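Have a look at the structure below before the remarks.
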Amino acid sequence: MFGTIFKKELLDQILSPKFLIISLLCLVLIPASFLLNSASYSDAYREYNASRREAKETTTVYRTPSPLSTFGIGLESVLPKSVVFSKYQTEAKGARVQSEVLSNINGKLDFVVIVGSLLSLFAVLYAGTMACGEKEAGTLKLLLANSVKRSTVIAAKFLGGFSVLLLPFAAAVLIGLLLLLLQGFPLFAAGQAGRVLALLALAVLYLAALFSLGLFISTRTHKASLALLAGFFVWIFLTFIIPKTSEPIAGLIRKVQSEEAMKANRAQVRGQIEKEKGRALKPLMDKYLGSQGAGWDWKGYTKARGPVAQKFEEQLDQTLQKFDAEYDLKKSARRRLSLNIARLSPTAVFTQAALNLCDTGVADLDNFDGSLRAHRLQLFQVVFRFQFNDEYSSEDGHTNMGYSGNSREDDKIVYPQFRYAFPRFEETLRATAPDILLLVFFNLVFFAAAYVSFTRYDVR
Amino acid sequence: MTTQSPILKADDLSKRYEDGVLALDHLNLDVHGGEVYCLLGANGAGKTTTINLFLNFIPPTTGTCFITGIDVTKDPLEAKKYVAFVSENVMLYGNFTARQNLDFFAKLGGKPDLTKEQYYQVMRRVSLQEKAFEQRVKNFSKGMRQKLGICIAIIKNAPAILLDEPTSGLDPKAAEEFQEILSELRKEGKAILMSTHDIFRAKDIGDRVGIMKEGRLVMERTREQLQYEDLVKIYIDYMKSEPLTA
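Sequence lines, in order, name chains D and S. The first sequence begins at 1 in this note's numbering and counts up one residue at a time. The second sequence begins at 1001 in this note's numbering and counts up one residue at a time.
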């Protein structure tokens, strides 16, 4: 019985104009997005290599673009291309935000967006008419006048309808991947194929959840037009309202000062300690570099300032580190909260997990930040520890003295290598597991709701 | 009238909807094999509710429906094996051809191995035009769809057939053809329960005719009794009479 209804659903949907529209959209958009984004990645990679070649050994580091941004751009265009370190601050440069203004205003079209926003809408609307549409047409009554379990009908409807949605999707993905391979995309490079497969499985899981949701809506309404309207509103809520309001809501719950305010406070603290250091170093400046001493003795000053300045520099370093750590902690807590609020929506869950698989998600941001922090510590030991900038200003402002230099005795600086690598596939899977489980949960809940609702559905 | 056990039986059947409306009030009714029972009544009299209860589309408030002795509420899947249904406006899968629709419902009705020729024979039997056999049904007229609906019932070959105002909206020729098919099915021993507004057709085809008003079966006449009575007058008198008290 299941097979009969399943085949009927399959054939009925394939013969409908909906199938043609979805097929056309999938077959055009998915391969096109693969090709366009792969070209963007190639450009970014070329630029990255050129920058690295030119830069040689410096305090500037470069971020490797993710090849899988071909499938999900995510934070790729927001993350910096390079980061310049100095003793007390890091400066991000070259995010693609400015060079790709329109894309950032309108959002980019990639596989994750196509599945997350476009196909999910089709899934909800497609399934949204499966029960009530058949009731409205009168065929459901005829169907259930036979010796057939409602559970069989709803299961066959789900599988039949969903298979029809997956057919053009699978065909479009296959064509897209083939085109990428022909273009020389490194699909089979370490871990890539696994990630792409996981991404596809995630997309199927997500679309299944939305399809079940559509089916549930269909079993709660008695008119196809009403189901379509309800499905559209629910989709807007899940795809736009929840993900886009989660960050402001988290901001209201966990207040964190702005980046600018934090920088101003940081500068104030830094200025205070630097001022105290300047006052402590003033006698040495006078003795070695001023008119009161034996004249200009830079070497003597550099040697003598060490023990005096050390206390202040350590204090400054510790204070700023603590300052930064506390700020990062607060920001991180707020971000976690906003991500968790967004997880009320399967769309946000899918997007977060999919972008992590593409190495362009929040996990990659954390990974990059972690690499930067580690690199900064290394640079501090090798470079910044020796750099100094001593300034003195008298209370009345009449006397201003400033000396910058390097206390390093030799000039052979061995710059540390920036160690930034995308997490291994297993690590990403582990990190993504809660989101995958959440999508499984959404599937179970939505399908169970559709199932229960259909068993009580008034078919008259 | 036969002394065999009835194929369709409503035993003290009542239905009160959630909004409090009493749609069916202690209905007792039985239909035997080879008998056509016509239920007459105005809109809201309880005719369709009765059919919906037999199909287990809604649960009864009290009482029981039996199909070939099987309690419909207790074992609906088993009971539905023995009943075919033709609705007022047979709507089939528009993207399928007539044969594909028959094939689908035949399989649902437990007839998985019918050949194309067997489907054609059934369609010929109800006088469906040959050229329509392999045409998509979305362009079919109501008469053609009703014929296809009765084809589904014929193919299922169930002992009981429920018809919910099957001739409403049909042109006289189509309605006449439909009546002929019902006569044949009666000869085959089917128990047919048909709700209708068409008093003349009910008198023509019904072995028994029941008039429903406000959920109650207020009158029942056999074909023999109706030879000496004017069904139209009886019906109108009942419709004009004072509302029934609860």
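All C-beta atoms, glycine included, are put in the ideal place defined by N, C-alpha and C. Quick caveat, the model's predicted, so the values are computed rather than measured.
Measure the C-alpha to C-alpha separation of residue 1208/S and residue 1034/S and round it to an integer number of angstroms.
12 Å
Residue 145/D CB to nearest chain S CB: under 7 Å?
yes
Range of the contiguous beta strand (DSSP E) that encloses residue 1038/S
1035-1041
Beta carbon proximity, residue 15/D to chain S, threshold 7 Å
yes
Using a beta-carbon distance below 7 Å, is residue 12/D in contact with chain S?
yes
Confirm, please, whether the CB-CB distance from residue 60/D to residue 78/D is below 7 Å.
no
What in chain D is Cβ-close to residue 1107/S, meaning under 7 Å?
4
If you scan the segment 1148-1173 of chain S from start to end, which runs of the beta strand (DSSP E) of 3 or more residues do you find wholly inside it?
1160-1164
Could you pull the start and end residues of the beta strand (DSSP E) that residue 339/D belongs to?
Where residue 339/D is concerned, there is no enclosing beta strand (DSSP E), although the alpha helix (DSSP H) it sits in stretches over 298-342.
In whole angstroms, what separates the C-alpha of residue 380/D from that of residue 325/D?
17 Å
Quick check on the DSSP output: the beta strand (DSSP E) that includes residue 389/D runs from which residue to which?
387-393
Quick check on the DSSP output: what are the complete alpha helix (DSSP H) runs of length 4 or more inside the segment 257-295 of chain D, in order along the chain?
259-284
What's the call for residue 301/D, buried or exposed, on a 16-neighbour Cβ count within 10 Å?
buried
Less than 7 Å between the beta carbons of residue 1046/S and residue 1169/S, yes or no?
no
Near-chain S residues of the segment 434-459 of chain D - C-beta to any C-beta below 7 Å
459
Spell out whether any CB of chain D is found under 7 Å from the CB atom of residue 1202/S.
no
When DSSP labels each residue in this structure, what does residue 1212/S get in the three-state scheme?
strand
Cβ-based burial, residue 284/D [other Cβ within 10 Å; buried from 16]
buried
Residues of chain D with CB closer than 8 Å to the CB of residue 1087/S, please, in chain order.
138, 141 and 142
State yes or no: is the C-beta of residue 224/D within less than 7 Å of the C-beta of residue 129/D?
yes
Closest by C-alpha distance to residue 235/D, when choosing among 156/D, 459/D, 423/D and 125/D
125/D
Under a CB-based cut-off of 7 Å, is residue 1057/S close to chain D?
yes
Using a Cβ cut-off of 7 Å (strictly closer), state whether residue 1077/S contacts chain D.
yes
N-terminal and C-terminal residue of the alpha helix (DSSP H) that residue 960/S is part of:
Here chain S comprises residues numbered 1001 to 1246, so residue 960/S is not present and cannot be evaluated.
Residue-chain proximity (residue 8/D, chain S), Cβ-Cβ < 7 Å
yes
Under 7 Å, Cβ to Cβ, is there at least one residue of chain D near residue 1091/S?
yes
What in chain S is Cβ-close to residue 149/D, meaning under 7 Å?
1077
Any residues in the segment 113-136 of chain D with a beta carbon nearer than 8 Å to a beta carbon of chain S? Which ones, in chain order?
none
Residue 1068/S and residue 1155/S closer than 7 Å at C-beta
no
Let me know if residue 1001/S comes out buried or exposed under the rule of 16 or more other beta-carbons within 10 Å of its beta-carbon.
For residue 1001/S, the pLDDT reaches just 46, beneath the cut-off of 50, and the residue's location in the model is therefore unreliable, although a value from the coordinates is still provided. Counting Cβ neighbours within 10 Å, residue 1001/S comes out exposed, since fewer than 16 surround it.
Is it buried or exposed for residue 169/D, if we count other Cβ within 10 angstroms and need 16 for buried?
buried
Is the distance from the Cβ of residue 1133/S to the Cβ of residue 1120/S below 7 Å?
yes
Taking all protein chains shown into account, decide if residue 439/D is buried (16 or more other Cβ within 10 angstroms of its Cβ) or exposed.
buried
Just to confirm, are residue 1063/S and residue 1013/S a CB contact at a threshold of 7 Å?
yes
Determine, using beta carbons only, whether residue 1139/S comes closer than 7 Å to chain D.
no
Could you tell me the alpha carbon to alpha carbon distance between residue 1072/S and residue 18/D, rounded to whole angstroms?
38 Å
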